[in-house]
Every structure is written in structure tokens, then in C-alpha cells.
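Colleague: Have a look at this one.
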Amino acid sequence: MSAGIDLENVCCDFGTFRAVDNANVSIRPGEFFSFLGPSGCGKTTILRMVSGFIEPTEGTIRIGGKDVKGTRPNQRPTALIFQNLALFPLMPIWENISFGLEVRGVDKATRRKKAEELLKLVDLPGAADKMVSQLSGGQKQRVAIARALAVEPQVMLLDEPLSALDLKLRQHMRAELRAIQQRTGVTFIYITHDQGEALAMSDRVGVMSQGRIQQIADPREIYNNPVNGFVAGFVGENNIFEGQVQQAAGGMASFVTPHGTFRARLGDLGGKAGKLYVRPEHTVLSSTPATENSVPVTIGDISFEGSFIAIHATTETGAALTSEIRNDGSATVPERGARMFMSFDPARAAILPDANVRG
Amino acid sequence: MQDMLRRYGPGLTLLMCLLVAFWLIMLVIVPNITLFEQSFRPYLPVTEIGGPRDTYSLGNYMKVFDGRVEKSILGFSYTIPVHVYTFLLTIFYSMVVTVLCFLMAYPLAYYMAKIVNPRSLPTLILLLFIPLWVSEVLRAFAWWIILAFKGPLNALLQAVGLIEDPIRWTNMGYTGVVIGLIYTYVLFMLFPVYNAIQSLDTNQIEAAEDLGAPWWKIHWRIVLPHAKPGIASGSVMVFMLSAGSLLVPSILGSTTSQWFTQTIDQWFKDALDWNTASAYAFLLLLLCTLIVTLAMWLFRVKLSDIAK
């Protein structure tokens, strides 16, 4: 069983501070949905409103089509996994996992059996009688997931549960979480500030900034077609040019900058000024200028990142740009101090407005 | 010690050690050893002290079994040594005080630790502390006035309509003593319990609620087990202080209430028999310690948990 979640014009104020501003999103049953944003953007507030710890100031939240206004967390079909997991240290693992069943009056033998089944599901058999303090970070993570799954929630809410783990384990748990989600079919709402996590695991991502949802789309769309400068800048790297739109036709426009006039895709500016964004991996460095969208640069630091090489360069006016080349031997790495041209495909560059914020 | 020497130098270190040693030896160990030694010797005229009759025995301790009185519980009558009877009642009512203190302190401690706005917490703690600035004697007398036959409590209850005729609070067995002891010692329960609850991660309470637990279940399975060491240390303090209190039972006691400390006091001051008084005092200390140990074993609390 899984349920969809609808947020309609949801706002949440803390005193005079508006933490969440007019959130509208429809999460489908069985979907893995991530809210991605920097700390303080309101994503945790959304999660706490869905789980019932905070009531929205305005708007409606529906879980499985039912308005949940006024129902406490213990009456909602959601299970929350806390950032610090909040396992119960005084109970053995199996009691932790079956706590939700104990509350529902399930007898001890059934509870024990269910706990052991769940431990198998999260790949942690034989840990039933251990105490929380005896487990490693990744194992605690699995127990927290098992404890949430035990109550057979229709929606799982996860509040940055991987942030305390080291990199390798985090990558492993990403795949694990995704697999558990697909095995159980439960709707997952995942909160994170780590774009890698959000892009790798989610069916769809909602990018947030300053209480507003900036864009809701699948991970590829978010990365390839960000709707505004915030999304473009928060998800992945970007070279940014300031300037003005001059001529627009057929979705493309000329953009006048101090570095010359470029052609790029024109995003929905809504009457506001825009900037030109182009990703480092979509730029090409060459010794001769290309026919269009070319900037003369001087090569600066070159940093080796493993799978790719980042080449930092400065323009004649001193603006910093970055280009990335794949570490597959297909391109030669330029020398530091070399004078070259950085160019990009108009279809890979976009003129976008700034973030969607209040006021 | 090395650390202390490096930090304060030899002069200051020596001074601190001497002060601690003085406090420990002169104010704690020597008086107790003196009383302990005296408790085994008979009460004799000055001329006979050190004489042939001045020998060690358990005679003073056995005096608690002297003088039997007839009592009855639920129509079942029995005889019991009067001092043993006093002792048992003292222990029983000290336990009652401890339990009532816990019942009062726990909700308040939880409120202070988890619910109240942290900004108003200092004010709240100050309000709780202000009564402690007034001397214990005055506070006991204040309750004596409050509980008086024509006092404010009866007036209030009559005004509200809960009672028709005033009640003689201070002449109802141990009622006055219990009320006075609770008022005097409830903070000794409140603060350890508050500290314990405060150290509980609020996410655990929320996690339990999120998993569907009703409020009482959250307290029973999450908050209370976590607060157990605090409850234990509060209980030990309230129990020991209540059983050892002399002032409150003397002021708020009724004609039918006798506290074991009052018996000790009578041996000291009325009978002038310091030897028997010492024996009784050590008996109280020993048995109370035994009871506390037993209770700790029963509730599976370790001494190291309490000391935290």
C-alpha cells in the first residue's frame, strides 16, 4: 500500500518568518520524490508538516486523497526517519523495530517474528538482540529503516538520513534505499542538500530555495533544463555571464555581455533580467576561435578530479570560467598560462532568470 | 594531582588539600566516629566513665525492642515495640513523601525540559528557587499557618464549597508532616528528574509518536526509562532527607505523629542519654541505607547511574 501526497498552496510561518511559501506539489503513489535545497530552504519544514509535527499556516495537505488537517503524527499513515535516526538506545534492536507494533497491541511472538523478517529485508539478520550502541552507522541506518517499515506506512519520510555516513557507505546506502523502495513500493519523500543523492535516487526532484519550490522535474530535466539561475547553480557547476537579451526568436536569443555577444536558449524570464548559464562540461577549449560563442581566455589552475579534469581560466576582464574535459585521453590538457578560446554550443547554454523568491 | 600542581602551584594546592582534609576529617569523620564509639558504651554518671562498668555492648541498640504497645491494622491486633513502630511509620511516610514528590515533580520536570519556551525557563527556575531562600523553619511555620484550623486553606476550601466544616489538618496523624516534607524536599526530586529528561533527544519522543504511540506509552517506554537514573537519585535524596528530618515533624506533627528523629532527639535532649541517642541515629542511618540499596536493586539502578 502506498499513498500519494498533495500539497496545495501550503505556507508555513514561524512568527514573521515564512519558512515555506505557497508550496504546490503532487507526489504520486509509489514515487521516490526528493526535496533538494540548501539548509534553511524549508524542505525539513515540509517534511514535518507532512508527518504532522507542524501544522501548515495556510493550505491543504492530502495523504492518499484525505485532508490530514488536525491529525497528530501518530494518526497519519506516514513514518519518519530522522536525521539522527532517533533509535531507542535502551531497547534491543528487535524492540526498536517492533515498537510501532507494540503500540498497536501486537503480541510479543508476532512482533519478534516481524522484527526478524524486517532485519532480513534490510540485510541485517542476527542483530535482533543487540543493543543500538553495538551497531555501526550503516547498521543503525538499516534498523531505522526497518523500524519505519514495521508499521507498514503508506509514505516514508526521510530527513537527510545519510548525512552522517562516510562517502563509500553513503553511496552504498543510496542504492540500498532505492532497492528497498522498489521492493516495498512505498512512497518515499526524501530530504537532502546533496544533489548527487537527489539525482541518483529520485524519480522526481523538487528544488527549493528560501521557502519556495523552484522546479519540480525528473533528475535529468533538473540538470539539463533548469528553470532558473538558482536551480542551475545549485545542481551542478556553471559558468555565468551577466548581460542583456537583445534579439529573441524561436526560443533562442542573442545575449550581449562584456565578453561579446552570445547566442543561447532563452528561458522563461517573466519580464525580469537574466544571466547566461553554461556548464563547464559543455564548453570546449581550442587554440582558434569558433564561429560563435567564443571567449578568449588565459588558462590558470588545472585540477585533476579523477574522472574529469577541471581547467580554470580567466577572461581578459578577469572573470573566472571553468571548463571540464573527460579524463579519457580524447583531448589534450592545455598548459597553464596558455591563451586559448573557450566556446560553447548555443543549444547547451541558457539564459535564465534569478531564483524565484518573495517580494 | 599533577595537573593541579602545575595549574595552581604548590602553595595553593597545599591550601586546597588542607581545607578539604579539614572538612572531611574534622566535620565528617571525627564526629561520626565519636558518636559511633559512644553508641556501644552505656550511659553512666561522669565518675563511672572509664570505670569497670564502661564496657562495649550492643545494649543501646537493643533498646529499640523495649516497651511493647498494642496496635491494630484492619481489625487484626498485635503488639510491637514502640520505637520499632515509630521507625516503621517513619520509613513508610518517607516513602509516601518520596512517591508524592515524584508524582508532582515529574510532570513539571517534563514541562520544563520539553515543552516550555526555553526563553521563559530561567524565570520558571527562579520562581521555584525563591522559596529556598527562606529558612526551613519559617517555611514550616508558614505551612503551620496555612494548615491552621481557621487558616487560609480551610477558608479557601470552604469558599469554593469543597468542605462544609474546617478540617484539623495538623491533627490528622501524619498529614501535616507529609505536606511539610513534600514542600521542603520536592525540589530535590525536581532537578535531577529535570536534568535527566532534558538530556533525552526530543527526536526520540517524536519518533515514538510518529510510530503511533499514545502519550502515556511514550512516557512509559521512552521518557521514564531514560529518566530512571534521575528519578533514582531524586528519590534517594528525598527519602533520606525526609527520614532524617527533625524540624518539619517537630513543627507540623500532630499529637498522634512521632518521627524516629524525634525519638532520637528525645534521647539526646530529654533523657540526656547520648549513648542511646547515638545508637538510634546509627540504626536509622544503617537501615535507611539498607532500604535504599534494596530499592535500587529492585528497580535495577546502579550506583554509578545516580552519581552522574
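Chains A and B are the protein sequences, given in the same order.
Add 120 to a position in the first sequence, counting from 1, and you land on the number used in our numbering.
Add 13 to a position in the second sequence, counting from 1, and you land on the number used in our numbering.
Backbone N, C-alpha and C define an ideal beta-carbon position, used for all residues, glycine too.
Quick caveat: nothing in here was measured; it's all calculated off a predicted structure.
(1) Could you check whether the Cβ of Gly224 of chain A sits closer than 8 Å to any Cβ belonging to chain B?
(2) Kindly indicate if chain B contains any beta-carbon less than 8 Å away from that of Pro193 of chain A.
(3) When you compare only the Cα positions, how much space is there between Asn348 of chain A and Gly246 of chain A?
(4) I want to verify the contact list: residues of chain B whose CB lies under 7 Å from the CB of Gly220 of chain A, in sequence order.
(5) At 7 Å on the CB atoms, spell out the chain A contacts of Lys230 of chain B, in chain order.
(6) To the nearest angstrom, how far is it from the Cα of Leu472 of chain A to the Cα of Ile342 of chain A?
(7) List the endpoints of the continuous alpha helix (DSSP H) containing Phe105 of chain B.
(8) Specify the secondary structure class of Pro245 of chain A as computed by DSSP and reduced to three states.
(9) Under the rule that 16 or more other beta-carbon atoms within 10 Å means buried, what is Ser218 of chain A, buried or exposed?
(10) For Val170 of chain A, which three-state DSSP category applies?
(11) Would you call the region 199-208 of chain A in contact with the region 276-288 of chain A, where contact means no fewer than 3 C-beta pairs closer than 8 Å?
(12) Can you pull the chain A residues whose beta carbon is under 7 Å from the beta carbon of Asn216 of chain B, in chain order?
(13) Does DSSP classify Pro144 of chain B as helix, strand or coil?
(14) Along the chain, where does the alpha helix (DSSP H) that runs through His432 of chain A open and close?
(15) Check distances from the C-beta atoms of the region 269-285 of chain A to those of chain B and list, in chain order, the residues that come in under 7 Å.
(16) Under a CB-based cut-off of 8 Å, is Ala248 of chain A close to chain E?
(17) Take the Cβ of Gly426 of chain A as the centre, count every other Cβ of all protein chains shown within 10 Å, and call the residue buried at 16 or more, exposed below.
(18) Could you check what DSSP says for Cys131 of chain A in three-state terms: helix, strand or coil?
(19) What whole-angstrom Cβ distance do Ile445 of chain A and Ile419 of chain A have, given they're in contact under 8 Å?
(20) What do you get for Glu222 of chain B, buried or exposed, if any count of 16 or more other CB atoms within 10 angstroms of its CB means buried?
(21) In chain order, what residues of the same chain have a beta carbon less than 6 Å from the beta carbon of Leu113 of chain B, not counting five sequence neighbours either side?
(22) Could you tell me the boundaries of the alpha helix (DSSP H) in which Asn288 of chain B lies?
(23) So the candidates are A:Ala229, A:Phe152, A:Leu269 and A:Gly160; which of them puts its Cα closest to the Cα of Lys240 of chain A?
(24) Taking the straight line between their C-alpha atoms, what separation do you get for Cys161 of chain A and Asn476 of chain A?
(25) Relative to chain B, which residues along the region 167-184 of chain A have a C-beta separation below 7 Å, given in chain order?
(26) Could you tell me the distance, in whole angstroms, from the CA atom of Arg196 of chain A to the CA atom of Ile218 of chain B?
(27) Is DSSP giving Asn345 of chain A helix, strand or coil here?
(28) Mind checking the region 289-311 of chain A against chain B and listing, in chain order, the residues whose C-beta falls within less than 8 Å of any C-beta there?
(29) What ranges does the alpha helix (DSSP H) occupy inside the region 145-220 of chain A, keeping only unbroken runs of at least 4 residues that lie completely in it?
(30) Classify Ala440 of chain A as buried or exposed, calling it buried when 16 or more other Cβ atoms lie within 10 Å of its own Cβ.
Modeller: Looking at the coordinates:
(1) Position check: residue 224 of chain A holds Arg in this sequence, whereas Gly was assumed. Between Arg224 of chain A and chain B, the shortest Cβ-Cβ separation is below 8 Å.
(2) So yes, Pro193 of chain A belongs to the interface.
(3) Their backbone Cα atoms lie some 49 Å apart in a straight line.
(4) Those are Leu224 and Gly225, listed as they occur along chain B.
(5) Within 7 Å Cβ-Cβ: Val223.
(6) Ile342 of chain A has its alpha-carbon roughly 13 Å from the corresponding atom of Leu472 of chain A.
(7) Where Phe105 of chain B is concerned, the enclosing alpha helix (DSSP H) stretches over Val95 to Tyr123.
(8) Pro245 of chain A: coil per DSSP, three-state reduction.
(9) Of the other Cβ atoms in all chains shown, 16 or more fall within 10 Å of the Cβ of Ser218 of chain A; this residue is therefore buried.
(10) Of the three classes helix, strand and coil, the one that applies to Val170 of chain A here is helix, per DSSP.
(11) Two segments are said to touch when three or more pairs of C-beta atoms, one from each, lie closer than 8 Å; by this definition the region 199-208 of chain A touches the region 276-288 of chain A.
(12) Those within 7 Å of Asn216 of chain B in chain A are Phe202, Asn204 and Ala206.
(13) Residue state for Pro144 of chain B is assigned as helix, using DSSP reduced to three classes.
(14) In the DSSP annotation of this structure, His432 of chain A is not part of any alpha helix (DSSP H); the continuous beta strand (DSSP E) holding it starts and ends at Phe428 to Thr435.
(15) Legend: CB atoms of the region 269-285 of chain A lying less than 7 Å from CB atoms of chain B belong to residues Val271.
(16) Among the protein chains of the structure shown, namely A and B, there is no chain E.
(17) By the neighbour-count criterion, in which 16 or more other beta carbons inside 10 Å mark a residue as buried, Gly426 of chain A falls on the exposed side.
(18) Strand.
(19) Wrong, their Cβ atoms sit about 12 Å apart, outside the cutoff.
(20) Counting of Cβ neighbours within 10 angstroms places Glu222 of chain B among the buried residues, the total reaching 16 or more.
(21) Same-chain partners within the cutoff: Ile195.
(22) DSSP places Asn288 of chain B inside the alpha helix (DSSP H), whose first and last residues are Trp287 to Leu311.
(23) The residue with the shortest Cα to Cα distance from Lys240 of chain A is A:Leu269.
(24) Distance between Cys161 of chain A and Asn476 of chain A, taken at the CA atoms: about 12 Å.
(25) Going along the region 167-184 of chain A in chain order, one finds Ser171 and Phe173 with a Cβ nearer than 7 Å to chain B.
(26) Cα-Cα distance, rounded: 16 Å.
(27) Coil.
(28) Residues passing the 8 Å Cβ filter: none.
(29) The qualifying runs are 163-171 and 213-217.
(30) So Ala440 of chain A ends up on the exposed side.
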